[in-house]
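Everything in the sequence shown is counted per my numbering, starting at 47 for the first residue and increasing by one. We put the CB at the ideal spot given by N, CA and C, even for glycine. Structure record follows, encoded as structure tokens.
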Amino acid sequence: MHEVLSADFDLFRCRVLVYAPSWRCDAHCVHCFLPRGARLRDDYDPRVLRGLLKTLPDEVRVISLTGGEPFFDQRRFLRIVSSIHAHGRYSAVVTNGLWGHDLRRARKVLSSAVRIGLRYFAISIDDFHAPALDDLEIVGLLNVARDVGLRVAMKGAGFSARRRWQRLSRCAELRWLPLRRGWESLENVGSARRLRPERKGMQGVGSGCANLLRPMVLPGGEFLACCSTRIFQAKGTWLDRGLLGERTAADILERYQKDFLIGGLLAFGPVTLLRRLGAEQKLRGRSKCELCITFLRDSRLRCRVEKLIGDDRSLRKEIVARLLLLQDTLNPVD
Ligand code: SF4
Ligand code: SF4
């Protein structure tokens, strides 16, 4: 059924791929989406990285390392960055920063990484981290990262992370932090014109999902369409794109970028797709990702969306137009 909705051209291009080499992490955050057992086990498999790099299409320019905690094993982190660079790509990393209390040592590790292809550095500032860096420690580590030549950012989810981000951005030492760009230019395109103001934009539930521009490879080689905290429930849905080893990265990405269902989810987001069916009410009261997974696991709803996109030529044209605009408004590593 999936294949029927394949375009004969790329609907969008993925410039960034997220890769979690291992789920191992030194923190014990209560809200972590990873099961405790997974965080304690080091499940790195070098064959996954080799398989990924072997057939990765040229348009993927950046591999963003996540986890778990990518700096948990710093020597291995440097080896991975170096392999990525040897294949002509840059690396990005998202870290909890706990390894960076000693700024002199952090400078040494980060300078080495920059020399072998690390370009982007983001600290996660969610306030549920345990233990967590305080504001001064975050500022110190970001300054070191910027000094050694990295492009830096703070990342987090939810209102408390946003409040912290605003507080830190006002700090004199961090005035140089670039502001993230959003999807503003999509807000008055096509059916988005009919959305109430509070439902527009990246934070509104009516918006699309830019996460789909950064598919993710898990430590075991599973290739998923997004890096949501709900990924473990995505098996067998549109978001589950196959296993590296059984299929190549080139093949998975080629089908992915032509898939009208993924294109629809990317351009509209799950809520707007369901609103088109009049089925939004059924799933009210859930977070966006929760709603998305529930919808994708409901075969009846999913079939109705597949039929809607398959039957409606003007909807497919709108998806194409929105994705063209979207790619112009997003910074590839946002
Ligand atoms: S730092 Fe991230 S991966 Fe580690 S325990 Fe916390 S939320 Fe989980
Ligand atoms: S809304 Fe859906 S596609 Fe987007 S991150 Fe959440 S689960 Fe993934």
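Item                                                                                                                                                                                               : Value
Please go through the same chain and pick out, in chain order, the residues whose beta-carbon is closer than 6 Å to the beta-carbon of residue 157, but skip the five residues on each side of it. : 194
In chain order, what residues have a CB nearer than 5 Å to some heavy atom of ligand 1?                                                                                                            : 71, 73, 75, 78 and 142
Looking only at its own chain, which residues have a Cβ that is under 6 Å from the Cβ of residue 146, when we skip the five neighbours before and after it?                                        : 152 and 187
Going by Cα to Cα distance, which pick from 180, 257 and 218 is closest to residue 203?                                                                                                            : 257
Would you say the segment 113-133 touches the segment 167-180, given that touching needs at least three Cβ pairs under 8 Å?                                                                        : no
Compute the minimum distance between the beta carbon of residue 271 and the heavy atoms of ligand 2, and state whether it is under 7 Å.                                                            : yes
Residue 198 and residue 191 look like a contact to me (Cβ under 8 Å); what is the Cβ gap, rounded to whole Å?                                                                                      : 5 Å
Enumerated in chain order, which unbroken segments of the alpha helix (DSSP H) with a length of 4 residues or greater are wholly contained in the segment 276-326?                                 : 295-304 and 306-323
What are the residues that DSSP puts in a beta bridge with residue 269?                                                                                                                            : 263
Could you give the DSSP three-state label for residue 340: helix, strand or coil?                                                                                                                  : helix
Using three-state DSSP, classify residue 359 as helix, strand or coil.                                                                                                                             : helix
Is DSSP giving residue 167 helix, strand or coil here?                                                                                                                                             : strand
Given a cut-off of 8 Å, decide if residue 287 and residue 398 are closer than it, judged by their beta-carbon atoms.                                                                               : Lying outside 47 to 380, the shown extent of the chain, residue 398 is not represented and no answer is given.
In chain order, what residues of the same chain have a beta carbon less than 6 Å from the beta carbon of residue 173, not counting five sequence neighbours either side?                           : 206
Apart from the five residues on each side of it in sequence, which residues of its chain come closer than 6 Å, Cβ to Cβ, to residue 351?                                                           : 319
Just how far apart, CA to CA, sit residue 133 and residue 285?                                                                                                                                     : 27 Å
Within the segment 58-146, note down every full beta strand (DSSP E) run reaching 3 residues or more, in order along the chain.                                                                    : 62-65, 108-111 and 136-141
What residues in its chain sit with their C-beta under 8 Å from that of residue 141, if we drop five residues either side in the sequence?                                                         : 115, 116, 117, 167, 168, 169 and 170
Measure the CB-CB distance between residue 265 and residue 91 and report whether it falls below 8 Å.                                                                                               : yes
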